[in-house]
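Report on the structure given below.
Protein chains: 2
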Amino acid sequence: MNALNIAEYTQTLGLQAKAASFLMARAPAAAKAAALRALARLLREGVEELAAANAQDLERARAAGLAEPMVDRLKLTPRVIETCAQGCEQLAAMPDIIGEIQGMQQQPSGIRVGRMRVPIGVFGMIYESRPNVTIEAASLSIKSGNAAILRGGSEAIDSNRALARLVTQALQEAGLPAHAVQLVETTDRAAVGQLIAMPQYVDVIIPRGGKGLIERISAEAKVPVIKHLDGNCHTYVDDPVDIDMAVKVADNAKTNKYSPCNASEGLLVARGVAGEFLPRIGSIYAAKGVQMRGCPEALAILRGVPGAELAEATEQDWGEEYLAPIISIKVVAGVDEAIAHINRYGSHHTDAILTRDHLHAQQFLRDVDSASCMVNASTRFADGFEYGLGAEIGISTDKFHARGPVGIEGLTSLKWVVLGEGDVRA
Amino acid sequence: MNALNIAEYTQTLGLQAKAASFLMARAPAAAKAAALRALARLLREGVEELAAANAQDLERARAAGLAEPMVDRLKLTPRVIETCAQGCEQLAAMPDIIGEIQGMQQQPSGIRVGRMRVPIGVFGMIYESRPNVTIEAASLSIKSGNAAILRGGSEAIDSNRALARLVTQALQEAGLPAHAVQLVETTDRAAVGQLIAMPQYVDVIIPRGGKGLIERISAEAKVPVIKHLDGNCHTYVDDPVDIDMAVKVADNAKTNKYSPCNASEGLLVARGVAGEFLPRIGSIYAAKGVQMRGCPEALAILRGVPGAELAEATEQDWGEEYLAPIISIKVVAGVDEAIAHINRYGSHHTDAILTRDHLHAQQFLRDVDSASCMVNASTRFADGFEYGLGAEIGISTDKFHARGPVGIEGLTSLKWVVLGEGDVRA
Numbered sequence: 001m002n003a004l005n006i007a008e009y010t011q012t013l014g015l016q017a018k019a020a021s022f023l024m025a026r027a028p029a030a031a032k033a034a035a036l037r038a039l040a041r042l043l044r045e046g047v048e049e050l051a052a053a054n055a056q057d058l059e060r061a062r063a064a065g066l067a068e069p070m071v072d073r074l075k076l077t078p079r080v081i082e083t084c085a086q087g088c089e090q091l092a093a094m095p096d097i098i099g100e101i102q103g104m105q106q107q108p109s110g111i112r113v114g115r116m117r118v119p120i121g122v123f124g125m126i127y128e129s130r131p132n133v134t135i136e137a138a139s140l141s142i143k144s145g146n147a148a149i150l151r152g153g154s155e156a157i158d159s160n161r162a163l164a165r166l167v168t169q170a171l172q173e174a175g176l177p178a179h180a181v182q183l184v185e186t187t188d189r190a191a192v193g194q195l196i197a198m199p200q201y202v203d204v205i206i207p208r209g210g211k212g213l214i215e216r217i218s219a220e221a222k223v224p225v226i227k228h229l230d231g232n233c234h235t236y237v238d239d240p241v242d243i244d245m246a247v248k249v250a251d252n253a254k255t256n257k258y259s260p261c262n263a264s265e266g267l268l269v270a271r272g273v274a275g276e277f278l279p280r281i282g283s284i285y286a287a288k289g290v291q292m293r294g295c296p297e298a299l300a301i302l303r304g305v306p307g308a309e310l311a312e313a314t315e316q317d318w319g320e321e322y323l324a325p326i327i328s329i330k331v332v333a334g335v336d337e338a339i340a341h342i343n344r345y346g347s348h349h350t351d352a353i354l355t356r357d358h359l360h361a362q363q364f365l366r367d368v369d370s371a372s373c374m375v376n377a378s379t380r381f382a383d384g385f386e387y388g389l390g391a392e393i394g395i396s397t398d399k400f401h402a403r404g405p406v407g408i409e410g411l412t413s414l415k416w417v418v419l420g421e422g423d424v425r426a
Numbered sequence: 001m002n003a004l005n006i007a008e009y010t011q012t013l014g015l016q017a018k019a020a021s022f023l024m025a026r027a028p029a030a031a032k033a034a035a036l037r038a039l040a041r042l043l044r045e046g047v048e049e050l051a052a053a054n055a056q057d058l059e060r061a062r063a064a065g066l067a068e069p070m071v072d073r074l075k076l077t078p079r080v081i082e083t084c085a086q087g088c089e090q091l092a093a094m095p096d097i098i099g100e101i102q103g104m105q106q107q108p109s110g111i112r113v114g115r116m117r118v119p120i121g122v123f124g125m126i127y128e129s130r131p132n133v134t135i136e137a138a139s140l141s142i143k144s145g146n147a148a149i150l151r152g153g154s155e156a157i158d159s160n161r162a163l164a165r166l167v168t169q170a171l172q173e174a175g176l177p178a179h180a181v182q183l184v185e186t187t188d189r190a191a192v193g194q195l196i197a198m199p200q201y202v203d204v205i206i207p208r209g210g211k212g213l214i215e216r217i218s219a220e221a222k223v224p225v226i227k228h229l230d231g232n233c234h235t236y237v238d239d240p241v242d243i244d245m246a247v248k249v250a251d252n253a254k255t256n257k258y259s260p261c262n263a264s265e266g267l268l269v270a271r272g273v274a275g276e277f278l279p280r281i282g283s284i285y286a287a288k289g290v291q292m293r294g295c296p297e298a299l300a301i302l303r304g305v306p307g308a309e310l311a312e313a314t315e316q317d318w319g320e321e322y323l324a325p326i327i328s329i330k331v332v333a334g335v336d337e338a339i340a341h342i343n344r345y346g347s348h349h350t351d352a353i354l355t356r357d358h359l360h361a362q363q364f365l366r367d368v369d370s371a372s373c374m375v376n377a378s379t380r381f382a383d384g385f386e387y388g389l390g391a392e393i394g395i396s397t398d399k400f401h402a403r404g405p406v407g408i409e410g411l412t413s414l415k416w417v418v419l420g421e422g423d424v425r426a
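Protein sequence lines, in the order shown, are assigned to chains L and U. Sequential numbering from 1 applies to the first sequence in the UniProt record's numbering. Sequential numbering from 1 applies to the second sequence in the UniProt record's numbering.
Pasting the structure below:
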């Protein structure tokens, strides 16, 4: 397609999505659940067909010399497909929140006023590699009564096409509009530029991928973006604290997995407990090969730990999202300094205090300006499934609209409903 | 100031606002209420001082040949000031929603997860002429625990400066940071361009004024905007309907006031009741001098009304926000056509159905894609005070974040709170 054709094609997708969104907004809960169950069935029945499509993507990726971890992320194994199918079934079984009416109260004038939860309309999802995101986004879109336009990575185009065919079939089986979920079939990048600049058709854009992709989309979008940039999360070990508990949680927050955005990248330790706490966590990190980049005071204590890989933390370290076996460590005077450090250097994603002090806990929860604030828990819990959302379309580090893990509710809005009996305004 | 100085000045305002926002976020409810009560007192004590400042604005406006209705909007009369003072007292008496925790539930892992309502941070308000908006915005900002940067119209700069001094004094009396509410003291337009492009300091922009201003700000802003564009509202008279009730409400929806955004600009009438309803509403509109722009079918009926000022509606009329004694009138087959018309031509602001039919009422509430959907009530009720919000910072015609009338809650966000007892992720 040339530029003109791509513009026309994307506009057509938008027009079709908008039309489908009105039908989806009034679709019965039972039809949406039926579509999700049908999709689960079709995914299981289609394992071989999907494997064949996926093989084309894998072959192309290997021929292009893609690194093996990247090729891995492309794979649509029977296990990945089964996880997708189970996700659809779980969504089907969840309560349908569309149409819920909140807080209907009579006002002094006599009118009754409340708010009704309705779908946002059309969302555009832009993502990279993993083809299972196609099913995650499609199923969340169906459950939330929205229409979706999906733009996956060009490296997964054959897998995504095969998956999108199953989605269309499931929608049709359930009597829902086929255009409720559409895949952008061209791999031309110009389509992304079009998709994020059609406020008349697209109500919100959700990018998932590397920081570069997300920054570019945020800068260029003409519609609202639910975006997730850095996850520079902190664990603060307060004084007083149960040292055993603090060691266990600080270990988990860093080493449970290094790549997720909710892994802790910074460890702050109250001066009063640093002498006891740091050698213990230090020897665990040393054993697991985690490099510790500390302030001078932390390093002075950690130098006694056998095998510790130590470095002096620079100003840049405090703001860094390592996504690797590295952690920055700073000794602080107490909760005030910890909160100030987090609000200055953190990315407003997830931060935890480990403490026995009730007032410190309350202060931390109130004053830390992050999407998730935790007491005595691992930052690794910041996740839609762990929070009971049943599904997660992404994690927002913005404060506007949805914040933190975004589930079905983040894809809805509340409109006002007014019931009168012929009431007029004085 | 030159461009460089304005950039520096606006950055300083932003930096000060951000610092103040952290202090405001943890300010006790009692301190915020005390500041609002102090502001009410200072406004009443300052009536003469404010009149003197306002006189300078009025003199300048008249010298510049401003039309008298525009000059009227600038006036800071004792009555306007008393209304502002009462508004502050009402806000002081309202419950404080900051810190509220919602839905704390234990998850399968053992952690308890809920959401805490917190201020957004810093909002920028850009508005025209009426200086009382300075007090409305300042008081809402104080109550909601945010910091605000206010940019009023240059024609009201002396009044706004005098009002802002009182706000600062009230904040200081209550022990709150003086920078929690700042007025942009320069009338240079470049300051607006700066204000809407500082995502590091400003979390949301709220423009209030003409459509031109709002479109320009939306197009250029680098931060989220709570915006209100058109109010092309509809009243649909269904079949079956109580004709007396329909006449009363359709009259009020159009003629109660012509200038507000929630006045009905379009009247849709079901064919089955048009013969009975249209002559009755037509004679009322005729008596009040409201021009009726109808479809051929409506005009055929209305031609029998003595004194009716009639015109044929063009395609453009269906999408028009008149804000004047003009109404478009269309005869439709029934509720399906009415909903389709509203979703196509309306501005997603406020639309009402007048009906006795329960299923039609439910269908209208569900399928009309507007911020406010009403049954048997005048569209004029779409207002923060009428909805029980206690105050209104604006009306949003967007779906993202706040929708419809925006009160204190629209200036807050919900962050996640996680309480554990040393929980770690498996």
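Glycine included, every Cβ here is placed at the ideal spot set by N, Cα and C.
In the three-state DSSP reduction, U/G304 falls in the coil class, being neither helix nor strand.
For the stretch 84 to 113 of chain U, residues whose beta-carbon sits nearer than 7 Å to a beta-carbon of chain L comprise G99, Q105, Q107, S109, I111, V113. Per DSSP, the unbroken alpha helix (DSSP H) holding U/A3 starts and ends at 3 to 25. In this structure, U/I226 sits near U/S396, with a CB-CB distance shorter than 7 Å. Positions of the alpha helix (DSSP H) runs, each at least 4 residues long and wholly inside the stretch 42 to 99 of chain L, are given as 47 to 63, 68 to 74, 78 to 93 in order along the chain. Contact annotation for L/L365 against chain U: M116, V417 [CB-CB distance below 8 Å, chain order].
Along the stretch 163 to 197 of chain U, there is no position whose C-beta sits under 8 Å from a C-beta of chain L.
Only P224 from the stretch 224 to 237 of chain L bring a Cβ to less than 8 Å from some Cβ of chain U. With a threshold of 16 other beta carbon atoms within 10 Å, U/D351 meets it and is buried. Note that the stretch 162 to 181 of chain U touches the stretch 49 to 64 of chain U; at least 3 beta-carbon pairs, one per stretch, sit closer than 8 Å. Using a Cβ-Cβ distance cut-off of 8 Å, the stretch 233 to 241 of chain U and the stretch 153 to 160 of chain U are not in contact, since fewer than three pairs of beta carbons, one from each stretch, lie closer than that value. Less than 7 Å separates the beta-carbon of U/N146 from that of U/L411. Closest by C-alpha distance to U/L176, out of U/A286, U/M24, U/G210, is U/M24. Legend: CB atoms of the stretch 11 to 23 of chain L lying less than 8 Å from CB atoms of chain U belong to residues F22. The Cβ-Cβ distance between U/L278 and U/I142 does not fall below 7 Å. Within chain L, not a single residue places a beta-carbon under 7 Å from that of U/Y285; the smallest gap is close to 15 Å.
Closest option to L/V331, judged by alpha-carbon separation, among L/T314, L/L299, L/N54: L/L299.
U/V181: member of the beta strand (DSSP E) spanning 181 to 183, first to last residue. Scanning L/R380, L/I217, L/A63 for the CA closest to the CA of L/N252 turns up L/R380. Within the DSSP secondary-structure output, U/P405 pairs in a beta bridge with U/I395. With a cut-off of 8 Å on Cβ pairs, the stretch 124 to 138 of chain L is in contact with the stretch 198 to 207 of chain L, counting three or more such pairs.
Considering only U/R60, U/P325, U/L171, the residue with the shortest C-alpha distance to U/A286 is U/P325.
Apart from the 5 residues on each side of it in sequence, L/S218 sits with its Cβ closer than 7 Å to the Cβ of V225, K227 in its chain, given in chain order. Between the C-alpha atoms of U/R60 and U/E173 there is a straight-line separation of about 33 Å. Within chain U, no residue has its beta carbon less than 9 Å from that of L/V241; the closest one is some 10 Å off. Rounded to whole angstroms, the separation of the alpha carbons of U/V133 and U/Q11 is 23 Å.
The continuous alpha helix (DSSP H) containing U/L278 extends over residues 271 to 287. C-alpha of U/A371 to C-alpha of L/D188: approximately 36 Å in a straight line. Distance between L/R303 and L/P296, taken at the CA atoms: about 10 Å. Leaving aside the five residues that flank U/Q106 on each side, the residues in its chain whose CB is nearer than 6 Å to its CB run, in chain order, R112. Between U/L74 and U/S109, the C-beta spacing is not below 7 Å.
Interface residue (Cβ-Cβ distance to chain U less than 7 Å): L/M292 is not classified as such. Ranked by how close their Cα comes to the Cα of U/S139, the residues U/V247, U/V290, U/G407 have U/G407 in first place. Among the residues of chain U, those whose CB is under 7 Å from the CB of L/A371 are K415, W416, following chain order. Here U/I111 carries a coil assignment [DSSP, helix/strand/coil].
Around U/G272, the same chain offers D239 as residues with beta carbons nearer than 6 Å, after the five sequence neighbours per side are excluded.
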